[in-house]
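Colleague: Sharing a structure, written as structure tokens. Questions coming.
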């Protein structure tokens, strides 16, 4: 996309893109802040993991803080995304954080913010990511409001290209919004924050919580928690609406009201707020935000094809439609555009017959052609000119008109424009070209993942290009998607299966493991989709790999470590001893804990961690002689002991402790039993 985005933003927006620093984008008299320097941050100035020097805080989110940092090994600036320490203890958050790193690392795409590294340093869990100097689309919208269609499409196309790569790799972003669209100072557009990424066709957690931002959630995302490419398509439709109008399509006093509108109300056409927007843009928004998922494009690649087709059908004036907030600034010049009559048809205005009337401009405005005024008898007598002179002047005007028309015919009349032909069948394209006075030249055929077989995917020259009558136009016709059969890799090792998939033009996808009595450990049980299914070349294929037959983990707590090791080894498991020990009811040196524990299942070769006992913890025994039975029980139990009563015949109706098995003030193992005698 290059600098085209900034150039498009600059149309009617003086200042945008003129001065961009690592901390923000200069936009006119104001500044779009991209680095949060409002508070001192304890990480700024530190070096994480002995490698990443934290220089400045960029932004703070609900899950992590993003810093600008320097990789001291490679001497390059990058972005460091550090999870909030309070969340680092939550396994689900850490898993999601690491999943982002693994997912994005697989997406080698120029419009995706790349992940370089992932690691931990104490309580800090971090991602090292590509640093994009610039600002977010939200910053631009907040500063400028609605964008011109050209700028909106220049931003949307690379966003869809990035999401298309994710969708074809088997992932869904789930949180597309302007905040996650970065616009670099070099004009690059990149999609960030794959922290909510999910594999296709998965559903949110058992809590039923919907992850994402309410203003951009698709109806099925709200109702079922579905994660499939069409939810990203819906969000992109909302983002396009917001770029074209400067506001969100649904609003309310609470998030619940917004969610209700997403489910029950269609997104309105942008032209309802911005009169003059082309119908093709209304159609794009309606297609992407259809409330029924099947009515939307199947993924971002399909929506990108629709965007490009719509763009080719728009004129330069339509692409540069001025949004409402810029109308007042440009209104004075709106009537100065040359349109209807070519410049060659302008003619000199006849000199005035009356010398007392000064001549007006030597050349009249393009859009008006006036005949000379008929001379009055008074003027004829005063000037001495006869009607013959008037006829001569009229003849001269007509001669000029004839010459002008001839020049127009030579320069323009022999030319026409290539009509838009994208997605037309070959027969329809030929008919349109003939109707436009053009010939069909070479016909090329190429595979295409998004355009139906037999329809046009490109022309040379492109639609709208100026071309001489009867010249030829080269057509490129789709052969449909380049699809391949998913090979049968069951029974192969993971390395062999991955190699076979790549050889067949497919990509190895996510790997999950499960126990199997029939398939050997480390070998493929199945693929998703299954073998024999046809898929687009480059599609990701998920693999399920066998962990082998399950092994019941024996209970070795309380055993001698050597005996426990032997028992676990005989079961086909490996053993490691934890570096720390704990107090327990077991004697010092015995196995106090094991992980996984008794009743668990493990695969052959899995490791069981044993934690040894430091012996029981010795605790001082409270003196409860003379106390009531209830008070004695409470005091001893609070100290960590179990209690037994000894009433005998004499204590059946008593309620006072006369004696205790361990004297008050002495120590006993925590958890042991103290007997009290009641009389």
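Residue numbers (this note's numbering): 19 to 697. Just so it is clear, CB atoms sit at the ideal spot from N, CA and C, and this is done for glycine as well. As the structure is a computational prediction, the values presented were derived from the model and not from experiment.
Look at residue 249 and residue 242 and say whether their C-beta atoms are less than 7 Å apart.
Modeller: no
Colleague: With three or more C-beta pairs closer than 8 Å as the rule, is the stretch 652-665 touching the stretch 625-632?
Modeller: Judged by Cβ distances under 8 Å, the stretch 625-632 makes no contact with the stretch 652-665, as fewer than three pairs qualify.
Colleague: Expressed to the nearest angstrom, what Euclidean distance is found between the alpha-carbon atoms of residue 261 and residue 143?
Modeller: 35 Å
Colleague: Pairing CB atoms from the stretch 292-299 with CB atoms from the stretch 261-270, are three or more of them under 8 Å?
Modeller: yes
Colleague: Could you pull out every unbroken beta strand (DSSP E) segment of at least 3 residues lying fully inside the stretch 134-164, listed in chain order?
Modeller: 142-147, 152-154
Colleague: Jot down the residue ranges of each uninterrupted beta strand (DSSP E) in the stretch 448-533, minimum 3 residues, whole runs only, in chain order.
Modeller: Those beta strand (DSSP E) runs which fall completely within the stretch 448-533 and span 3+ residues are 457-464, 474-478, 484-486, 490-496, 501-503, 525-532.
Colleague: Taking 6 Å as the cut-off, is the CB of residue 97 close to at least one heavy atom of the ligand SAM?
Modeller: As for the ligand SAM, it is missing from this structure, which has no ligand bound.
Colleague: Is the Cβ-Cβ distance between residue 700 and residue 549 less than 7 Å?
Modeller: No answer is possible for residue 700: it lies beyond the span of the chain, which begins at 19 and ends at 697.
Colleague: For residue 198, count the other beta carbons within 10 Å of its own beta carbon; 16 or more makes it buried, fewer makes it exposed. Which is it?
Modeller: Here residue 198 is buried. Its C-beta has 16 or more other C-beta atoms within 10 Å.
Colleague: Distance check for residue 110 and residue 147, CA to CA, integer angstroms please.
Modeller: 21 Å
Colleague: Would you say the stretch 473-484 touches the stretch 499-519, given that touching needs at least three Cβ pairs under 8 Å?
Modeller: no
Colleague: Confirm, please, whether the CB-CB distance from residue 322 to residue 182 is below 7 Å.
Modeller: yes
Colleague: Which runs of the alpha helix (DSSP H) fall wholly inside the stretch 261-338 and span at least 4 residues, in chain order?
Modeller: 273-282, 297-306, 318-330, 334-337
Colleague: Rounded to whole angstroms, what's the CA-CA distance from residue 149 to residue 207? Just pull it up for me.
Modeller: 13 Å
Colleague: Would you kindly check if the distance between the Cβ of residue 304 and the Cβ of residue 178 is under 7 Å?
Modeller: no
Colleague: Could you round the C-beta distance between residue 443 and residue 472 to whole angstroms and report it? I think they count as a contact, below 8 Å.
Modeller: 6 Å
Colleague: What does the Cβ neighbour count give for residue 313, buried or exposed, with the cut at 16 atoms within 10 Å?
Modeller: exposed
Colleague: Tell me the DSSP bridge mates of residue 652?
Modeller: None, per the DSSP bridge assignment.
Colleague: Among 277, 255, 310, which residue has its Cα nearest to the Cα of residue 301?
Modeller: Relative to the Cα of residue 301, the nearest Cα in the group 277, 255, 310 belongs to 255.
Colleague: Determine, using beta carbons only, whether residue 78 and residue 62 come nearer to each other than 7 Å.
Modeller: no
Colleague: For residue 465, which residues in the same chain have their Cβ closer than 6 Å to its Cβ, ignoring the five residues on either side in sequence?
Modeller: 497, 500
Colleague: With contact counted as at least three CB pairs below 8 Å, one residue from each stretch, are the stretch 569-587 and the stretch 617-625 in contact?
Modeller: yes
Colleague: How long is the line joining the alpha carbons of residue 595 and residue 610, rounded to whole angstroms?
Modeller: Distance between the alpha carbons of residue 595 and residue 610 is about 11 Å.
Colleague: DSSP state of residue 237, grouped into three classes?
Modeller: helix
Colleague: Residue 492 and residue 459: beta carbons closer than 7 Å?
Modeller: Contact: yes.
Colleague: Taking the alpha carbon of residue 525 as the reference point, which residue from 538, 560, 489, 509 has its own alpha carbon closest?
Modeller: Looking at the Cα atoms, 560 is the closest of the given residues.
Colleague: For residue 106, does the three-state DSSP call read helix, strand or coil?
Modeller: helix
Colleague: Taking DSSP as the reference, what is the three-state secondary structure of residue 189?
Modeller: strand
Colleague: Quick one: using the 10 Å Cβ neighbour count with 16 as the cut-off for buried, is residue 190 buried or exposed?
Modeller: By the 10 Å Cβ count, residue 190 comes out buried.
Colleague: Quick check: what's the CA-CA separation for residue 95 versus residue 131?
Modeller: 14 Å
Colleague: Is the beta carbon of residue 274 less than 7 Å from the beta carbon of residue 252?
Modeller: no
Colleague: If you draw a straight line from the alpha carbon of residue 247 to that of residue 201, how long is it in whole angstroms?
Modeller: 23 Å
Colleague: Below 8 Å, how does it come out for the stretch 152-171 and the stretch 110-125: are there three or more Cβ pairs, yes or no?
Modeller: no
Colleague: List the whole-angstrom C-beta distance separating residue 173 from residue 155, where the pair is believed to meet the contact cut-off of C-beta under 8 Å.
Modeller: Right, their Cβ atoms sit about 6 Å apart.
Colleague: Considering only residues of the same chain and omitting the five flanking positions on each side of residue 330, which have a CB-CB separation below 8 Å?
Modeller: Its chain contains 438, 440, 480, 481, 482 as the residues whose beta carbon lies nearer than 8 Å to that of residue 330, once the 5 sequence neighbours on both sides are disregarded; these appear in chain order.
Colleague: Let me check one thing: in DSSP terms, what residues is residue 587 bridge-paired to?
Modeller: Partner(s): none; residue 587 has no beta bridge.
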